[in-house]
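Participant: Under numbering that gives the first Met the number 0, the sequence shown has 251 at position 252, and the numbering climbs by one with no breaks. Even glycine gets a Cβ: it sits at the ideal position worked out from N, Cα and C.
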Amino acid sequence: MNHAVIPAPARFEAGDRQGFAFRPGTTVAYADAPIAPLVERFCAQVTRRTGLRLTPAPGRRPPDEPSVTIELSAAHEPGGLPAPAGLSPDGGDPAAEHYLLVIEDGRVVLRAAEPAGVARGLTTLLQLVASGTEEFRVPAVRILDGPRYAWRGLSLDVARTFFTVEEIRRVIDLLELYKLNVLHLHLTDDQAWPLAVGRPAAGPEPGTPFYRDEDLRDLVGYAADRFVTIVPEVDTPGHTAALLGLRPDLKSGRNEVEYEFLPGHRRRAVWLDPELPATFELMEQVLAGVAAIFPGPYLHIGADEPRGMPDEDYVSYVRRLRRLVGVLGKQPLGWQESARAGLGLDDVVQLWLTGIDLPASAPPHVRAQVEAELTLARRDAEAAAEASVPVIASPLGHCYLDVPYADPPADADADTDVEADAGQADRYGRLGLRIYAPKTLAESFRWEPAETLGPGRAAQIAGVEAAIWAETISGFDDLSFLLLPRLPGVAHRAWSDPRHGDWAGHRDRLARHGRLWAQDSLTYFRAASVDWA
Ligand code: TNX
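#1: Measure from the alpha carbon of Phe-444 to the alpha carbon of each residue in Pro-487, Arg-366, Ala-223, Asp-420, then state which is nearest.
#2: Given that a residue counts as buried once 16 or more other Cβ atoms are within 10 Å of its Cβ, and exposed if not, what is Glu-113?
#3: Can you check the stretch 372-453 for any beta strand (DSSP E) of at least 3 residues that lies completely inside it and give the ranges in chain order?
#4: Closest to Pro-407 by C-alpha separation, out of Asp-501, Pro-138, Lys-438, would be which residue?
#5: Cβ atoms of Ile-102 and Leu-71: under 7 Å apart, would you say?
#6: To which residues does DSSP link Trp-334 through a beta bridge?
#7: Taking only three categories from DSSP, how would you classify Trp-468?
#8: To which residues does DSSP link Thr-160 through a beta bridge?
#9: If you compare alpha carbons, which of Gly-105, Thr-46, Tyr-523, Phe-293 is closest to Asp-420?
#10: Based on the DSSP secondary-structure assignment, which residues constitute the bridge partners of Arg-151?
#11: Taking 8 Å as the limit between beta carbons, can you name the residues of its chain near Gly-474, skipping five residues before and five after?
#12: Go ahead and pull the three-state DSSP assignment for Pro-247.
#13: Using the three-state DSSP reduction, which class does Pro-57 fall into: helix, strand or coil?
#14: Measuring only the C-alpha atoms, how far is Arg-60 from Tyr-29?
#15: Taking just the CA atoms, how far does Val-365 sit from His-264?
#16: Measure the alpha-carbon distance for Gly-152 versus Phe-293 and round it to whole angstroms.
#17: Are three or more beta carbon pairs between the stretch 237-256 and the stretch 186-200 nearer than 8 Å?
#18: If you follow the beta strand (DSSP E) that Glu-304 is part of, which residue opens it and which one closes it?
#19: First and last residue of the beta strand (DSSP E) that includes Asp-141?
#20: Does at least one heavy atom of the ligand TNX sit under 6 Å from the Cβ of Asp-345?
#21: Quick check: the stretch 460-467 against the stretch 136-155, are at least 3 beta-carbon pairs closer than 8 Å?
#22: What do you reckon, is the C-beta of Tyr-404 under 6 Å from a heavy atom of the ligand TNX?
#23: Tell me, please, which residues DSSP counts as bridged to Ala-526.
#24: Looking at the strands, I want to know which residues DSSP matches up with His-185.
#25: Got a sec: does the ligand TNX put a non-hydrogen atom nearer than 6 Å to the Cβ of Trp-270?
#26: Report the rounded CA-to-CA distance for Met-0 versus Trp-351, giving the unit in angstroms.
#27: Taking only heavy atoms of the ligand TNX into account, decide whether any of them is closer than 6 Å to the Cβ of Asp-356.
#28: Let me know the secondary structure DSSP gives Glu-204 once reduced to three states.
#29: Please identify the residue among Tyr-435, Pro-484, Asp-477 whose C-alpha is closest to the C-alpha of Leu-357.
#30: Using the beta-carbon count (16 or more within 10 Å), is Ser-387 buried or exposed?
#31: Using 6 Å as the cut-off, classify the Cβ of Asp-401 as near or not near the heavy atoms of the ligand TNX, replying yes or no.
#32: Pair every Cβ in the stretch 52-66 with every Cβ in the stretch 90-102, then say whether three or more of these pairs are closer than 8 Å.
#33: Once DSSP output is grouped into helix, strand and coil, what is the label at Ile-171?
#34: When the Cα of Ala-376 is compared with those of Ile-355, Pro-362, Pro-309, which residue comes out closest?
#35: Bridge partners for Arg-225 per DSSP, in chain order?
#36: Have a look at the DSSP bridge pairing and note the partners of Ala-84.
Shown next, in the form of structure tokens:
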């Protein structure tokens with residue numbers, strides 16, 4: 000397959016006829032009112048990226064001149080695509096994302112049964128137009144496409160670093176560009192509680208950034224327009240130091256502890272105490288507030304790393320919290336550790352800790368500690384497997400975008416200015432958590448989601464999520480440096496047929512995406528392993 004579409008389409012047949020050349024004024028004809036906003040956005044994007052002005056033509060039959068035609072109707076293709084596997088994040092039919100795109104003899108025809116499919120097809124067309132070297136020519140091709148997994152996401156940590164609504168919109172744009180349909184917002188952590196709900200009545204201390212309810216609603220709408228569902232995560236009972244700081248009434252006298260992290264190394268941890276009535280009074284309010292903002296069917300309860308918390312308290316806390324989520328009409332989703340509380344039919348688990356490569360310099364006592372955590376994590380994974388619950392695959396070694404890059408940076412060249420080169424060197428040295436051994440792009444890319452839970456468990460994999468944690472990040476350019484170029488690789492694993500999974504093919508497609516990111520003024524890691532166009 001010689002094209003630059005990421006994720007690679009399910010079926011891509013290059014034609015031997017003439018392709019299509021976009022020109023100023025090229026018509027984009029469509030008859031169905033519901034897709035008008037999609038067509039308008041596509042035309043605006045083409046203009047922004049290429050300078051070409053297209054002409055959206057509503058309610059029109061395709062004209063005689065060369066044109067793009069968009070039809071909202073079933074594809075009726077012989078030997079259609081298999082149904083997507085896993086959970087649909089908005090509760091809809093994941094086959095709605097299927098589309099057929101035919102480019103030949105000076106015409107482009109895009110057909111899909113639902114607006115979601117039209118949107119995905121337009122993204123493909125946009126990549127073809129804007130990543131090409133030959134000016135605005137797209138090759139003759141027949142693409143029949145749809146996702147492998149229904150749930151394809153990115154988890155974004157907005158607690159360790161605050162990102163503005165405008166910055167989160169740019170992340171959503173990136174999700175749309177790679178056909179990802181979930182923005183999992185890791186809203187709270189030890190470092191911050193940037194929500195209005197849960198704070199004392201006086202409101203936030205001046206100067207502390209936080210999201211107003213209307214900010215979050217704005218993001219929900221912006222995402223929905225791009226067929227992205229926001230899944231909110233309120234992380235408890237651990238990772239709650241910020242909340243306890245705001246709400247001293249949640250201190251029970253035993254839930255701020257020092258525990259032995261490593262022999263001879265003590266750390267502080269806090270957890271929400273299920274024995275304290277104030278805990279659930281507050282959490283009921285918080286979950287109700289969050290559920291009222293985010294209309295999607297899933298609510299993420301976090302529940303990772305309950306350090307220093309007695310097991311029986313963790314179990315009773317998580318069970319009670321899941322019930323609260325259920326009462327609100329939502330389905331709870333939790334990190335792997337939540338399996339310790341037992342799993343029922345309605346539970347969904349997000350698997351992350353399947354292995355850790357430590358840097359060669361890691362001392363033996365750190366190795367011992369990590370080994371102990373991995374033993375617990377494996378037990379959690381087995382519990383999830385045995386309970387047959389749906390599992391979102393986020394294996395750290397392949398999905399955690401805060402693993403430092405191991406590829407050397409590309410040599411500075413005449414194309415990049417001195418300042419940009421200095422920025423590359425600075426970010427390369429500073430970003431990513433040093434507790435992990437650095438990984439090359441190729442190593443991160445090589446994995447098979449269906450094997451995440453072990454042999455014979457492919458059917459349980461409900462989707463794929465990348466995760467970006469923000470401990471080392473201090474601004475949007477840092478964030479995009481860690482998202483790019485790895486995020487498109489995770490999107491590829493989530494969407495594409497594993498038969499199109501070789502690194503060399505992906506790497507060559509990736510090389511042409513630097514242009515798309517530059518069009519968006521996005522900072523990305525210019526790895527030497529990719530021959531950037
Ligand atoms: C583990 S993944 C965490 C996060 C850290 C991350 C760093 C998970 C559920 N918990 O709190 O930020 O590692 O990679």
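Facilitator: In short:
#1: Pro-487
#2: buried
#3: 390-392
#4: Lys-438
#5: In this structure, Ile-102 does not lie closer than 7 Å to Leu-71 by Cβ.
#6: Gln-349
#7: coil
#8: Paired residues: none, contrary to the question.
#9: When each option's Cα is compared against that of Asp-420, the closest is Tyr-523.
#10: Val-463
#11: Thr-160
#12: helix
#13: strand
#14: Straight-line Cα distance between these residues: approximately 7 Å.
#15: The straight-line gap from Cα to Cα measures roughly 10 Å.
#16: Looking at the backbone, the Cα of Gly-152 and that of Phe-293 are separated by about 16 Å.
#17: yes
#18: DSSP places Glu-304 outside any beta strand (DSSP E), giving it a letter other than H or E.
#19: As written in the sequence, residue 141 is Arg, which differs from the Asp given in the question. Note, Arg-141: beta strand (DSSP E), 140-144.
#20: No, Cβ of Asp-345 sits at least 6 Å from all heavy atoms of the ligand TNX.
#21: Counting Cβ pairs under 8 Å, three or more are found: they touch.
#22: Taken from the Cβ of Tyr-404, every heavy atom of the ligand TNX lies 6 Å or farther away.
#23: Pro-408
#24: Asp-156, Glu-232
#25: Outside the cutoff, so no.
#26: Its pLDDT being 49, under 50, Met-0 is placed unreliably in this model, and the value from its coordinates should be taken loosely. Whole-angstrom Cα-Cα distance: 32 Å.
#27: no
#28: coil
#29: Tyr-435
#30: Counting Cβ neighbours within 10 Å, Ser-387 comes out exposed, since fewer than 16 surround it.
#31: yes
#32: no
#33: helix
#34: Ile-355
#35: Arg-225 pairs with nothing; no bridge assigned.
#36: Tyr-148
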